[in-house]
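Per our numbering, residue 5 is the first one in the sequence shown, and the count goes up by one each step.
First up is the structure itself, then whatever we jot down about it.
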Amino acid sequence: MEYQQLIALITFALVSTVSPGPNNIMLMTSGANVGFMRTIPHMLGIIFGFSLMVALVGFGLMGLFTAYPVVQQSLRIASMLYLLYLAVKIAKSKPMTNQVSDYQPMSFLSAASFQWVNPKAWTMALTAISVYATSTEPQDILLVSLIFGLVNVPSVSLWTTAGKQLQGILQAPIKIKIFNYSMAGLLVSSILPMI
5 MEYQQLIALI TFALVSTVSP GPNNIMLMTS GANVGFMRTI PHMLGIIFGF SLMVALVGFG
65 LMGLFTAYPV VQQSLRIASM LYLLYLAVKI AKSKPMTNQV SDYQPMSFLS AASFQWVNPK
125 AWTMALTAIS VYATSTEPQD ILLVSLIFGL VNVPSVSLWT TAGKQLQGIL QAPIKIKIFN
185 YSMAGLLVSS ILPMI
C-alpha cells in the first residue's frame, strides 16, 4: 500500500470509528454507568470483533451475501431487533444507589459478537475493504484490519472516558435515568436508516 493510500485509510478509520454509532453510544453509556475499568472488556471486544469482521469481509464473506441475498436480509432484521433489545435494556437500567447499579457492561465476547449485527460496523467494513484494500492479497486485507484495530483503541477510549466524565454530572438518580433513556433513544435512532 502506498503512503498516500495509508494516510487516507488511517483518516477514514479514525473518522468512522470516532463518529457516533451503536458501539460508541453503548461505550458512553457504560462509562457513565460503571466507569472506565469495568468497560475495558467491552472496549477490547469491539476492537477485536471489528478487526476480525474487516478481515473476514476482505477474505470473501461478502460473496455469501451476493450469492444468498436472504442471508443479508436476515442479518439486517436481526440487527434491528438486537439494537432494539439493547435500547430497552439500557432504558430499563436502574440508577446507581450508593455506587451500585444494575447496569451490566457488555463482556468481551458479547461486544465482539455484537459487531456482526451492528449496521455501522458492516458499512465501515465493506467500505474499508472495497476502497482501501489494494488487492485481495492477505497482507493488504490484514493491514486494513490492523489499521482499524489500532485506530479503534483511542476511539473506544475517548467515548468511554466521555461517559466516565459524565458520572460527576449524573449523580442524581433522575439524571442518570434521563441519560439512559436518551442513550436508548439514540440507539433506536441508529436503526432508522435501515428501515
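Cβ coordinates follow ideal geometry from the N, Cα and C atoms, glycine included.
Computed from a predicted model, the values in this text were never measured in an experiment.
Determine the DSSP secondary structure at residue i, reduced to helix, strand or coil.
i: Y136; result: helix
i: N122; result: coil
i: G64; result: helix
i: K98; result: coil
i: F40; result: coil
i: Q72; result: Strictly speaking, residue 72 in this sequence is Tyr, with Gln absent from that position. If DSSP states are grouped into helix, strand and coil, Y72 belongs with coil.
i: Q108; result: coil
i: S23; result: coil
i: I81; result: helix
i: S194; result: coil
i: M32; result: helix
i: M5; result: coil
Mind checking residue i: buried by the 16 CB within 10 Å criterion, or exposed?
i: G189; result: exposed
i: S193; result: exposed
i: T70; result: exposed
i: G200; result: Here the chain covers residues 5 to 199 and nothing more, so residue 200 does not appear.
i: L68; result: exposed
i: G64; result: exposed
i: A91; result: buried
i: L85; result: exposed
i: V19; result: exposed
i: A82; result: exposed
i: I11; result: exposed
Assuming residue i and residue j make a contact with CB atoms under 8 Å, what is their CB distance in whole Å?
i: T164; j: F40; result: 5 Å
i: G49; j: F112; result: 4 Å
i: S159; j: V22; result: 5 Å
i: L31; j: M57; result: Between M57 and L31 the Cβ distance is about 17 Å, and since that is not below 8 Å, they are no contact.
i: T33; j: G172; result: Their Cβ separation, rounded to whole angstroms, is 16 Å, which puts T33 and G172 out of contact at 8 Å.
i: A129; j: V74; result: Actually they are not in contact, since the Cβ atoms of A129 and V74 sit about 20 Å apart, beyond 8 Å.
Out of the options, which one is the CA nearest neighbour of residue i?
i: M110; options: A12, F63, T21 and P26; result: P26
i: R80; options: A116, A125 and Q108; result: A125
i: I195; options: L87, A116, V157 and S149; result: L87
i: I133; options: V121, P123 and L146; result: L146
i: W120; options: S55, V19, N37 and R42; result: S55
i: D106; options: Y7, V19, N184 and I14; result: N184
i: L154; options: Q9, E6 and L13; result: L13
i: N122; options: Q108, E6 and I29; result: I29
i: I180; options: K98, F16 and L18; result: K98
Would you mind listing the alpha helix (DSSP H) stretches within the region 136–187 that are 4+ residues and don't spill past its ends, in chain order? 142–170
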